[in-house]
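Reading through the structure tokens given below for one structure.
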Amino acid sequence: MLYRDEIDGVGINPLMRSVFYLLDSAPYGSEKAYGMLNAAAVSLDMEVTLGLYADGVFLALAGQESRLLGVPNNSDIVYAYPEIRVIAHEPSLAERGLLSQSLVERIELMDEEKFQEEILSSDCIILL
Amino acid sequence: MDRVDKMVGGQADVKLVSNAMANATRRKIMTMLLEGNRTMEEIAKSVPSMLDYHLQMLQQAGLIEIKDGLVVLTDFGKNFMETKTVKPAEVKTDLAGTRSLEVVELRQLLPCIADSTKFRIIARFEPALEGALKLLEPLFPRARYSERIGALIIQKGNILITIYSTGNVTMTMIRSEIEARETLDDLKRTINEAIVKGVTPVPREKIRVDHAEIYQYLPKTDCRICGEQSCYTFAIKLVGRETTLDKCTPLLEAKYTTNLEHIRALLEYL
Numbered sequence: 001m002l003y004r005d006e007i008d009g010v011g012i013n014p015l016m017r018s019v020f021y022l023l024d025s026a027p028y029g030s031e032k033a034y035g036m037l038n039a040a041a042v043s044l045d046m047e048v049t050l051g052l053y054a055d056g057v058f059l060a061l062a063g064q065e066s067r068l069l070g071v072p073n074n075s076d077i078v079y080a081y082p083e084i085r086v087i088a089h090e091p092s093l094a095e096r097g098l099l100s101q102s103l104v105e106r107i108e109l110m111d112e113e114k115f116q117e118e119i120l121s122s123d124c125i126i127l128l
Numbered sequence: 001m002d003r004v005d006k007m008v009g010g011q012a013d014v015k016l017v018s019n020a021m022a023n024a025t026r027r028k029i030m031t032m033l034l035e036g037n038r039t040m041e042e043i044a045k046s047v048p049s050m051l052d053y054h055l056q057m058l059q060q061a062g063l064i065e066i067k068d069g070l071v072v073l074t075d076f077g078k079n080f081m082e083t084k085t086v087k088p089a090e091v092k093t094d095l096a097g098t099r100s101l102e103v104v105e106l107r108q109l110l111p112c113i114a115d116s117t118k119f120r121i122i123a124r125f126e127p128a129l130e131g132a133l134k135l136l137e138p139l140f141p142r143a144r145y146s147e148r149i150g151a152l153i154i155q156k157g158n159i160l161i162t163i164y165s166t167g168n169v170t171m172t173m174i175r176s177e178i179e180a181r182e183t184l185d186d187l188k189r190t191i192n193e194a195i196v197k198g199v200t201p202v203p204r205e206k207i208r209v210d211h212a213e214i215y216q217y218l219p220k221t222d223c224r225i226c227g228e229q230s231c232y233t234f235a236i237k238l239v240g241r242e243t244t245l246d247k248c249t250p251l252l253e254a255k256y257t258t259n260l261e262h263i264r265a266l267l268e269y270l
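Okay, structure coming up:
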């Protein structure tokens, strides 16, 4: 975990104001996405961004149905926490043929450069 | 015109438009084109990388055309930029033709992080309100329609309700499933009455105050002197009138004098 040091007039203060969670694995089949969404939800006193990358972009698909799998619906969590900014790496969506599918409407698509800028502008990056 | 007809017909095309416009760079290009036609070189000054790719996405969605190196909005693209709807038929000036809502599902109760005694829920209204959603804003004293996420955000006490154009509804700070159902029923009743009788605007509150705004002026030290888990929780409870400002004693320090005044002013509007 990396902190951006800030001078608060007294000394170096490792104050963290923004966090970027990077999800690069599929939303079902492991607990990674569920764990990351819950971690993001408990970080809401900071500026929280969830970045969907590689197979993580499947979380952007609208109309997810997880009842038959017997696991929580992760897209419900995306809807339930509008404070979490969710961005998706557009080249990953394109590689998987998902750009012609309905996506969760509040997710912002970003190309390579912008996605990297978002990561670099956060005080901290968390990967599982 | 053929292109417009084709665009409004297929569901797949709606998805292409929606996904094309979910990218900030492409929205920037569309805004530039709304002001006037541009050459590719002119656009490249503002979009230095991946311009071909972005233009291709906009072309596939039927929003732009490229003629002799000049990029222009199609009729459909112009209509989209003026109305922000994929289908011209979705542009609504009143609620005529809108069907009454039903709560079809209350899917999930998740604990509220700020207060573990409360929940967040997700529910679903049918039919989806789509273009009519924006018209409902005046029905609520504290509500705003967000163009960015295509959702109506309503504050009711300390409950925050978000209605998406697709019919999904989320609510925060709910005490129980009973309260969730009651809140949804109230919401449904208000909207259905407006569908039958027309939208009667309610008085707007002059200033909208929310916990995030108050939080900006708190010390943000999470010292817990007030008895809450964090300054953020304290802000939420202040807005919900579940605590009082005097419990935050660090605010009495000289360095927070201005902050304290700001918070006092904001609390006047609750």
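So the sequence lines, in the order shown, correspond to chains R and S. Residues in the first sequence are numbered from 1 upward in steps of one, following our numbering. Residues in the second sequence are numbered from 1 upward in steps of one, following our numbering. We put the beta carbon where it would ideally sit given N, CA and C, even for glycine.
Quick check: the Cα distance between residue i and residue j, rounded to an integer number of angstroms?
i      : j      : result
S:F80  : R:E105 : 17 Å
R:G35  : R:L59  : 13 Å
R:D123 : R:L23  : 17 Å
R:D55  : R:N74  : 14 Å
S:A254 : S:S100 : 55 Å
S:V14  : S:L63  : 11 Å
S:G36  : S:K28  : 13 Å
S:G240 : R:S66  : 35 Å
S:D246 : S:L238 : 11 Å
Check whether the Cβ atoms of residue i and residue j sit closer than 8 Å, and answer yes or no.
i      : j      : result
R:A33  : R:V57  : no
S:I263 : S:Y217 : yes
S:I308 : S:F125 : An answer regarding residue 308 of chain S cannot be provided, because it is not within the stretch 1 to 270 covered by chain S.
R:L109 : R:E83  : no
R:D111 : S:R107 : no
S:L133 : S:S165 : yes
S:A143 : S:I153 : yes
S:I58  : S:L34  : Sequence check: residue 58 of chain S is Leu here, not Ile. Against a cut-off of 8 Å, the Cβ pair of S:L34 and S:L58 comes out as no contact.
S:M32  : S:S46  : yes
S:C223 : S:T243 : no
At 9 Å on the CB atoms, spell out the chain R contacts of residue i, in chain order.
i      : result
S:M30  : Per Cβ cutoff of 9 Å: no residues; S:M30 is ~14 Å from chain R at best.
S:N23  : E90, E108, L109, M110, D111, K114
S:N79  : Within 9 Å Cβ-Cβ: nothing; S:N79 doesn't reach chain R, min ~20 Å.
S:L34  : In chain order: nothing, as chain R lies at least about 20 Å away.
S:L238 : Chain R residues near S:L238: none, gap ~15 Å exceeds 9 Å.
Give the residues of chain R in contact with residue i, contact being defined as C-beta atoms less than 7 Å apart.
i      : result
S:S46  : Going along chain R, no residue has its Cβ under 7 Å from S:S46, so there is no contact; the nearest lies around 14 Å.
S:I174 : By Cβ distance, chain R contributes nothing, its closest Cβ being about 11 Å from S:I174, past 7 Å.
S:M40  : Within chain R, no residue comes near S:M40; the closest Cβ sits about 17 Å away, beyond 7 Å.
S:R224 : Those within 7 Å of S:R224 in chain R number zero; the least Cβ separation is about 13 Å.
For the candidate residues the options, whose alpha-carbon lies nearest to that of residue i?
i      : options                       : result
R:V48  : R:R96, R:L93, R:S100, R:V78   : R:V78
S:G77  : S:D68, S:L55, S:G69, S:T98    : S:L55
S:I121 : R:K114, R:G63, R:E90, R:A80   : R:A80
S:I236 : S:K247, S:Y215, S:I225        : S:Y215
S:I191 : S:L16, S:T170, S:G157, S:L139 : S:L139
S:T172 : S:G198, S:H211, S:A44         : S:H211
Using a Cβ cut-off of 7 Å, pull out every chain S residue sitting near residue i, in sequence order please.
i      : result
R:Q101 : K15
Could you tell me how far apart the beta carbons of residue i and residue j are, in whole angstroms, since I believe they sit closer than 8 Å?
i      : j      : result
S:G167 : S:A128 : 4 Å
R:L52  : R:V86  : 7 Å
R:L50  : R:Y21  : 5 Å
R:I126 : R:A39  : 7 Å
Check the Cβ of residue i against every Cβ in chain R and list those closer than 8 Å, keeping chain order.
i      : result
S:I163 : Within chain R, no residue comes near S:I163; the closest Cβ sits about 11 Å away, beyond 8 Å.
S:Y232 : L44, D45
S:I122 : D76, Y79, A80
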